[in-house]
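Everything on this sheet refers to the single structure shown next.
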Amino acid sequence: MSAGKRGLLLILPLIAFAVGGGFYVPPSTLGDGRSGSELPLASLPKLPNWAHQGLPDFSGYSDTTEKKAAFFSFLYPRIVLANSRILIERDYLQSLAQKPELSEDELQWLNGHAERLRIDAEPGSKEQFALLRKRLDVIPPSLILAQAANESAWGTSRFATKGYNLFGQWCFSKGCGLVPRSRVEGANHEVAKFSSPFRSVRAYIQNLNRHPTYQELRDIRLQDRRSNDPISGPELAAGLLGYSERGQEYVEEIRAMIHYNNLAYYDDDFREAIRDLAPDDLQQLATSNPETKLLPGQKSATARPSDG
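Below, the structure is given as structure tokens:
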């Protein structure tokens, strides 16, 4: 092995942590292809059947505009589904924060999320609730759509079509995913496989919500929450410096994709969809069937703005 390759192998683990943090999928969640799975919660309804469907063939489009429209129309309902279910979890979290005493089951639910989101705090403490409120939160649709398009070549990459992986997420146990053809000799990472594109979306949101690389993204989102400002993709993109070795250039590319494709429209639509929704209404949103009910413009036009 050349000295250059040996040197690269020595720094590969550091690259995987600092740059590939957004790609990492914990091995404990990969066994059944359901990475990003939700913790049991009575108020969280069963997933609609369409959430388990695979990826359409986007390679057949000769017209770029039609291809983009098809990609966004497929992915956006899955983003609304994932985010609405997180909001149900946040609502339950808030209800627990107001209780003077918690049951064993409630503490177990809190600790399950704390472990999943890498929070080290006393169970049921104010610190744990504060950190859970910061990390158990939605990601704006424009950011998800832009990164999915960028990382999956508009749903046509090998990892997207063979493993439903839309975000280039890595895993590190043999057989957990697909081996990159350009993987350096001696490396052991694979590109994770998921049971559906929805699971890829859910795992991607989990990674942004838990990995230390994306603390800035979470800080920006929390400040928006406290200021009652809209949570937007271009703003949160500033927290993606560690997602790619290209750093700021990658951030600007994602922002340019959001702007060029008018993806802020999806942020506005999602805010309208969840505006002032009660928990029961969120459950209806999280079980919408068919998926076309979650496409832009399908929600109430009378709802008032909120900081989705």
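Residue numbering for the sequence shown follows my numbering, starting at 3 and increasing by one per position.
Quick reminder that beta carbons are idealized off the backbone N, C-alpha and C, glycines included.
On a predicted model such as this, the values are computed, not experimentally measured, just so you know.
- DSSP places Ala194 inside the beta strand (DSSP E), whose first and last residues are 192 to 194.
- A Cβ-Cβ distance of about 7 Å is found for the pair Ile121 and Arg137, placing them in contact under the 8 Å criterion.
- Ranking Phe200, Arg118, Phe74 by CA distance to the CA of Asn211 puts Arg118 first.
- Per DSSP, Cys178 has no beta bridge partner at all.
- Cys173 and Ser127 have their alpha carbons spaced roughly 32 Å apart.
- In the DSSP assignment, Glu251 falls within the alpha helix (DSSP H) that extends over 250 to 262.
- Burial is judged here by how many other beta carbons sit within 10 angstroms of a residue's own beta carbon; Asp139 has at least 16 and is buried.
- One thing to note: Ser61 has its Cβ within 8 Å of the Cβ of Thr158.
- A residue is called buried when at least 16 other Cβ atoms come within 10 angstroms of its Cβ; Tyr245 meets this threshold and is buried.
- Counting the other Cβ atoms within 10 Å of the Cβ of Asp59 gives fewer than 16, which makes it exposed.
- About 5 Å separates the Cβ atoms of Ile207 and Ile141, confirming a contact at the 8 Å cut-off.
- Judged by DSSP in its simplified three-state form, Glu103 adopts coil rather than helix or strand.
- A straight-line Cα-Cα distance of about 9 Å links Ala240 and Arg257.
- Per the Cβ contact rule, the stretch 149 to 163 is not in contact with the stretch 221 to 233 (fewer than 3 Cβ pairs under 8 Å).
- Shown here for Arg223: same chain residues with a beta carbon closer than 7 Å to its own, the five before and five after excluded, namely Asp139, Ile233, Leu238 in chain order.
- It is roughly 10 Å from the alpha-carbon of Val193 to the alpha-carbon of Lys164.
- Taking Pro47 as the centre and dropping the five residues before and after it, the same chain places the C-beta of Gln285, Ala288, Thr289 closer than 7 Å to its C-beta, in chain order.
- For Leu43, the three-state secondary structure derived from DSSP is coil.
- According to the DSSP assignment, Thr289 belongs to no alpha helix (DSSP H), since it is labelled neither H nor E.
- Taking C-beta atoms under 8 Å as the contact rule, Leu95 and Leu104 fail to qualify, at a distance of about 12 Å.
- The residue from Asp282, Ala44, Asp107, Leu168 with its alpha-carbon nearest to that of Gln149 is Leu168.
- A distance below 7 Å between beta-carbons, with the five flanking residues on each side excluded, links Arg87 to the following residues of its chain, in chain order: Glu40, Leu46, Ala288.
- The criterion of a C-beta distance shorter than 8 Å is not satisfied by Leu297 and Phe200.
- Annotation: the continuous alpha helix (DSSP H) that includes Val203 extends over 199 to 212.
- Across the structure, Tyr262 and Ile81 are spaced so that their CA atoms are roughly 20 Å apart.
- Counting along the chain, Thr163 sits inside the alpha helix (DSSP H) bounded by residues 160 to 165.
- A straight-line Cα-Cα distance of about 8 Å links Pro143 and Leu265.
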